[in-house]
Every structure is written in structure tokens, then in C-alpha cells.
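>
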Amino acid sequence: ASDGSIFVGGRFTRIGGVFRNGIAKLDFNGAVLSSFNSNIDQLVNEVISLPNGKVFIGGRFGTPSGLRFAARLNADGILDTTFNADQRVDTFVDGIGLHPDGRLFVYGNFFSQPVPSTLRKIYLLNSDGSVDESFVAGSRKGLMSVAEAIVRADGKVFLAGDFQNIDGNVRCSIALLNTDFSVDNSFRPFAVSKTNLGPELLTSLVVQPDGRILIGGTFRQIDGNPIESIARLNANGTLDPTFNARDVLF
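Numbered per my numbering, the sequence shown spans residues 47 to 296.
#1: Within its chain, find whatever has a CB closer than 8 Å to the CB of Val-229; leave out the 5 residues flanking it on each side and keep chain order.
#2: Nearest-angstrom Cα distance between Val-253 and Glu-194?
#3: Taking all protein chains shown into account, do 16 or more other C-beta atoms lie within 10 angstroms of the C-beta of Gly-50, making it buried, or fewer, making it exposed?
#4: Which residues does DSSP pair with Gln-254 in a beta bridge?
#5: Let me know the secondary structure DSSP gives Ala-206 once reduced to three states.
#6: At the level of alpha carbons, what is the spacing between Met-190 and Gln-210?
#7: I need the straight-line Cα distance from Val-93 to Gly-263, nearest angstrom please.
#8: Look at the Cβ atom of Thr-137, then the Cβ atom of Leu-125, and state whether they are nearer than 8 Å.
#9: Under 8 Å, with one C-beta from each stretch per pair, do the region 76-83 and the region 103-118 reach the 3-pair mark?
#10: In angstroms with no decimal places, state the Cα-to-Cα distance between Asp-200 and Phe-102.
#11: Nearest-angstrom Cα distance between Ile-61 and Gln-88?
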């Protein structure tokens, strides 16, 4: 959080000897803060703190108003009832990502698929929890799962996970979307390649301040180069050869 405190989410009922159910707020020494005590019932998979003190959470948890998979909490931890995630967010939320304007990306193995022939595993929610219909990224061919949705400083959005197609464009496990959410064709689409060893998927992505991208996953090659599980890409998606992680053991 902006005040130096730390949010912890997961499946627990006590932390530091204090009763907390799925989420807690700690000071910089690790002590549980009494000012934050949520009225939800685990499991919290991801937490994003907001500048105004409120908190977005994703996972699968009980609330006073029933089962939810994405929610916003007030600064004291109590459920913010002005945010109600759309019913299409209908199962465990694997992750959430914050858009600079306050909207929220949520991704998971959702069951509801309202767009014919398009598999949707990620939605963009407005500040009240309704779906922003301008964001329709999905797979029109094959399975899709999203592990990360990261917004760059310029408003463009990285998607990483397990997919071979985004909105009819061939993309292998990583894609960059423009600010209008169309696919950015300047970013190399085949940085991570599928091999006969099986599907190549990304499980993590971090954008460095200089624009280069750290990626982790189950891949064994990048741009045709034998690279296993961790690599760094340049801003255009090409492999950064100066990053050497060959000493990482798995």
C-alpha cells in the first residue's frame, strides 16, 4: 500500500496470532493492523491496493451478500457494496490487473461465453463492476487461459498465458494490445514458439522501467533460441541476448 503497509491474501483464519479470514493488512514490521478487518470468508488469490485506500481482491470468497469471485473492499476492510462484479465473472478468479483509469481486469476459467465462437477468459470491469464491452480479447481458435494482464505506462496491455490466438490474430502465449484493445502488430507474435515438446505457456510477466519484459513459464525456446523457463524480451518482443539465466535450475 502507499503508506508502506502490506496486504496478505490467501487461505487462512489467523495471522500473527490474530483472527483474520483470508486477507490481512500488516505494518512494515509485520504486525497485524487493527484498522483493517474484512468481513469476507477466504480464499483471496490476489490483492491490489488503490491510492484511495480501497482494495480490489480476486479469488473465491463468501461475503455478507453471497459468494463472490471479485470484490472491492473499503479502507477498513468491509465489503464495498457499490462494486458488484458482472455475473459473467462466475468462477474462481486466477488474477486481477489494474487499468490506470481504475478499471479492473479479471481473468479465470469463466463458464459464461456470451460472444459466439469466441472463448473469453478475461474481462475488463468498470468502477461499478459491470463489464466494459469495448474490451473483447478472446480466442477464436483453440483453448485460452490468461496468467497475467499487465498495463504499461503508455496504456497498452500485455496478455500472457496459454493461447495461440487473440481475436483472430495468431499469437503464441504473449500479446500486446493497443490502448483501444486491438492487437499491436509491432510486437513480435512468435517470440514464444510452440514445439513438439508440448504447449509453451507463460505463467508470469514483468515489465521493467526501461520497457524490456521478463517472462517465465514452461517454454524451451524463444525466437528459435534454446532458452528454458525464464527470459527477457526487448520492447518489440525480440529476445534480449544480454540476459542469461542458464544457471537457473528446475
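Note that beta-carbon positions come from the ideal geometry of N, C-alpha and C, so glycine has one too.
Computed from a prediction, not measured in an experiment: that's the story for all the values here.
By the coordinates alone:
#1: Ile-212, Asp-213, Asn-215, Arg-217, Ala-221, Leu-222, Leu-223
#2: 11 Å
#3: exposed
#4: Gln-254 pairs with nothing; no bridge assigned.
#5: strand
#6: 8 Å
#7: 22 Å
#8: no
#9: no
#10: 22 Å
#11: 13 Å
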